[in-house]
Amino acid sequence: MRARCFRCQETFDTDRFGTQTCPHCGAEVYLPDPNAPAPGAAAPQPPQPPSLPPIVAGGPGWGAPPPGWSPPPSPPPGWGPVPPGAVPPPAQQPAPFAERRRRGFLASYVQTWKLAAVDPIRFFRQVRVDDAGSAVLFGAIAVTIGNWVALVLSYLSANATMSFVAQLTRRMHGRVDTLPLLEAVGGLTLKSLVAQVIATPIMAVVGLYLTAGLFHLLLLVVRGAGRGFPATLTVVGYASGILLLRALPVCGGIVALVWFIVAAVHGLSEAQRCGSGKAAFAVLGPLALLCLCACLAGLVAGVAGMGGLGGIPGLDGGTPPQGTGI
Amino acid sequence: MGSGGRTFGHAEVYGVVFALAFGVARFAPWLALGHGCPFRAFTGVPCATCGMTRAFVHLAHGEVGAAFGASPFGALLAGGCWLFAAAALARFALGWRWPVLPPGAPRRLAVAALVALLANWVFLVVASRP
């Protein structure tokens with residue numbers, strides 16, 4: 102029979118059901134046996150006499166349920182921890198945050214955050230991508246709160262930072278130009294703080310869409326966007342939950358950035374079924390372009406210097422070119 | 367891109383973002399801030415996106431020549447973004463349908479954009495030489 106891998110979408114031939122390895126991508130694929138009995142009807146039970154609850158003394162609630170009563174619905178399976186050795190189900194399901202009305206806002210947010218940050222491979226493999234709005238809301242909340250806390254911390258520590266820089270300048274006897282840093286720190290007034298706090302939610306949504314657009318553009322180039330833009334936006338939205346860590350003082354920004362990159366690579370790889378290489382190209386492409394800029398600049402400067410072409414303006418001690426470059 | 371009616375989808379969000387970009391480029395004093403490109407300040411060579419801000423600001427003020435002089439790709443990008451914003455808002459207001467792109471067209475557009483960005487970078491490096 103012919104089977105299709107849920108991860109890479111390639112087909113392969115097999116002669117058995119159960120867990121097996123995809124010959125194309127190496128993913129574990131579980132093929133259920135259509136002739137196997139349903140789990141609830143695995144073994145026919147002999148008819149049992151109706152058992153009545155024991156009559157005991159106690160408060161109400163222990164008696165037999167009234168006619169028409171049914172047990173309350175349990176949460177849908179799938180996002181709980183996978184038992185050891187078990188193959189995660191390939192069926193797609195909405196993220197917990199997409200069911201926030203039923204599960205509760207905070208509880209669903211925390212559960213989704215844990216899944217996206219700690220287990221991104223399984224989460225993005227299974228999450229449905231047709232509700233990107235929830236992902237954008239999830240990411241915008243995290244970015245907004247992280248930025249708000251970072252802004253307030255910067256504002257509160259601005260005076261201390263300025264004192265430190267001024268002291269450093271005195272000790273260096275003016276050999277270090279700290280004026281730009283002083284201007285930057287001093288520019289964080291209460292007015293600018295309020296303006297940034299107000300603008301942060303809008304900028305968060307704009308940033309999510311622009312990031313997703315950039316990633317998707319690069320995925321298109323390498324034919325890695327098989328499930329369309331909503332899948333990319335879903336990954337960027339849920340992975341941006343990690344940017345909540347920007348609220349941590351000092352190291353929060355760099356930790357959040359590195360963690361986001363890792364989660365986004367895994368997420369795009371799984372959600373777009375494109376493999377880690379293409380996902381890494383899309384996420385790291387802009388950074389690689391920056392590195393390429395640096396390497397090429399060094400190469401050009403070296404060649405120009407060796408060839409006696411006068412070097413590159415600004416590198417040979419000459420006057421830098423006009424224009425700011427922005 | 368085949369959605370029609372007054373649905374507010376991803377394309378319309380991008381339309382609003384691009385319209386905001388026009389407003390900022392037109393009315394905010396970005397060039398007066400004096401922020402420069404750190405890469406260019408360090409190496410003397412423009413980076414791939416150098417001149418984008420100036421291209422957006424100049425084009426928003428109707429200075430087409432200055433915009434293309436700052437960054438040809440930036441000027442084309444700004445024009446494309448603002449045309450898209452106008453199309454998205456008009457489509458939303460009038461309830462039109464987006465044209466359905468042929469298969470493979472998005473990828474060809476993405477490749478063309480990437481090639482144009484690299485060509486723009488070469489132009490900037492050559493143009494910055496004395």
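Going down the list, the protein sequences come from chains C and F. Numbering-wise (my numbering), the first sequence opens with residue 102 and increments by one. Numbering-wise (my numbering), the second sequence opens with residue 367 and increments by one. The beta-carbon is built from N, C-alpha and C at its ideal position, and this holds for glycine as well. Computed from a predicted structure; not experimentally measured.
Would a check of beta-carbon distances place residue i closer than 8 Å to chain F?
i               : result
Y339 of chain C : no
V307 of chain C : yes
P151 of chain C : With a pLDDT of only 48 at P151 of chain C, under the threshold of 50, the placement of this residue in the model should not be trusted; the figure read from the coordinates follows. With 8 Å as the cut-off, P151 of chain C does not count as an interface residue toward chain F.
In terms of residue numbering, what span does the beta strand (DSSP E) encompassing residue i cover?
i               : result
V236 of chain C : Just to set this straight, residue 236 of chain C is Ala in the shown sequence, not Val. From DSSP, A236 of chain C is part of no beta strand (DSSP E) but of the alpha helix (DSSP H) over 233–257.
G119 of chain C : 119–122
Let's see if you can read the secondary structure: which residues bound the alpha helix (DSSP H) around residue i?
i               : result
Q212 of chain C : 206–219
V488 of chain F : 471–493
M418 of chain F : 418–426
P331 of chain C : 330–340
T290 of chain C : Unbroken run through T290 of chain C: none, as it is neither H nor E.
P438 of chain F : 438–460
G368 of chain C : 353–372
A385 of chain F : 376–393
A398 of chain F : 396–399
T409 of chain F : 404–409
Going along chain C in order, which residues have a C-beta closer than 7 Å to the C-beta of residue i?
i               : result
P472 of chain F : L321
A476 of chain F : L318, L321, V322
Below 8 Å on C-beta distance, what does residue i contact in chain C?
i               : result
H498 of chain F : This structure cannot speak to residue 498 of chain F, because chain F is shown only from 367 to 496.
V383 of chain F : V307, Y310, L311
Looking at the C-beta of residue i, does it have a partner C-beta in chain C at a distance below 8 Å?
i               : result
A479 of chain F : yes
V379 of chain F : yes
V492 of chain F : no
T373 of chain F : no
G368 of chain F : Note that G368 of chain F scores 49 on pLDDT, short of 50, meaning its location in the model is unreliable and no value can be drawn from it.
Taking DSSP's pairing of strands, which residues face residue i in a bridge?
i               : result
R103 of chain C : C:D114
Q194 of chain C : C:V228
V130 of chain C : C:Q121
Are at least three pairs of beta-carbons, each pair with one atom in the segment 446–453 of chain F and one in the segment 379–386 of chain F, less than 8 Å apart? yes
Using 8 Å as the cut-off, can you tell me whether the segment 343–359 of chain C makes contact with the segment 240–253 of chain C, which would need three or more C-beta pairs spanning the two stretches below that distance? yes
Is it a yes or a no for the segment 389–406 of chain F touching the segment 421–428 of chain F, going by three-plus beta-carbon pairs under 8 Å? yes
Does the segment 224–238 of chain C come close enough to the segment 326–338 of chain C that 3 or more CB-CB pairs lie under 8 Å? yes
Three or more C-beta pairs under 8 Å: does that hold for the segment 480–490 of chain F against the segment 409–418 of chain F? yes
Counting Cβ pairs, one atom from each stretch, are 3 or more of them under 8 Å apart for the segment 298–308 of chain C and the segment 320–329 of chain C? no
Segment contact flag, the segment 353–371 of chain C with the segment 211–227 of chain C, C-beta cutoff 8 Å, min 3 pairs: yes
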